[in-house]
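Inspection log for the structure reproduced underneath, given as structure tokens.
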Amino acid sequence: MPKFVFPLSPDHRLLVLIQYNVLRAMMTNMSILSILHRIPLECGAALSVKDLPSPPDSIPPSLESTSLQKQIAHDVWVDLFPWSAMRDNLLTHRGEYDEDDLCVDMVGGLYEGFDEVETRGLIVWGEPWSEHGWEVEEI
76 MPKFVFPLSP DHRLLVLIQY NVLRAMMTNM SILSILHRIP LECGAALSVK DLPSPPDSIP
136 PSLESTSLQK QIAHDVWVDL FPWSAMRDNL LTHRGEYDED DLCVDMVGGL YEGFDEVETR
196 GLIVWGEPWS EHGWEVEEI
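Following my numbering, the numbering of the sequence shown begins with 76 at its first residue and continues without gaps.
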């Protein structure tokens, strides 16, 4: 019998798991903020994410809206990050970055069929609503 060599290492699925965990964290934060109904139609596949962590009883301070978030109409995805300064920076600098490119940079192309999470992206190691549960990789 010929030897079969698979081109990917046995841990290659870990990269997709990292991306899935980011998606799961964002879905959890949407649940905490009671905004799951605002998922855009093109993101409907995200609703298949199961077994979200049990959320805290109330909105944690890390997800509370800043005064800028309350003043500026914005897309729901901005609200999902547990860093108030990042949310304010995203709003302050909107129009200066491409939202689709930012999404690919953060999630590593999970839905685009390519995987670059080993060189860029977000990693969630802990509770999705905790600013200490996330790691941001340099690009």
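Positions of the beta carbon are idealized from the N, C-alpha and C atoms, including for glycine.
Beta-carbon proximity of residue i to residue j, cut-off 7 Å
{"i": "E206", "j": "W152", "result": "no"}
{"i": "P130", "j": "S106", "result": "yes"}
{"i": "N104", "j": "W204", "result": "yes"}
{"i": "T141", "j": "D175", "result": "no"}
Buried/exposed call for residue i, threshold 16 Cβ in 10 Å
{"i": "L155", "result": "buried"}
{"i": "L92", "result": "exposed"}
{"i": "G170", "result": "exposed"}
{"i": "A148", "result": "exposed"}
{"i": "V211", "result": "exposed"}
{"i": "R99", "result": "buried"}
{"i": "L138", "result": "buried"}
{"i": "E202", "result": "buried"}
{"i": "Q94", "result": "buried"}
Rounded distance between the beta-carbons of residue j and residue i, thought under 8 Å
{"i": "L143", "j": "L166", "result": "5 Å"}
heavy atom of the ligand ZN below 6 Å from residue i C-beta
{"i": "N164", "result": "Summarising the ligand content, the structure contains no ligands, and the ligand ZN is consequently not present."}
Residue range of the unbroken beta strand (DSSP E) whose run includes residue i
{"i": "L108", "result": "Premise fails: L108 is in no beta strand (DSSP E) and is neither H nor E."}
Residue i, enclosing alpha helix (DSSP H) - first and last residue
{"i": "L155", "result": "Where L155 is concerned, there is no enclosing alpha helix (DSSP H), given that its DSSP letter is neither H nor E."}
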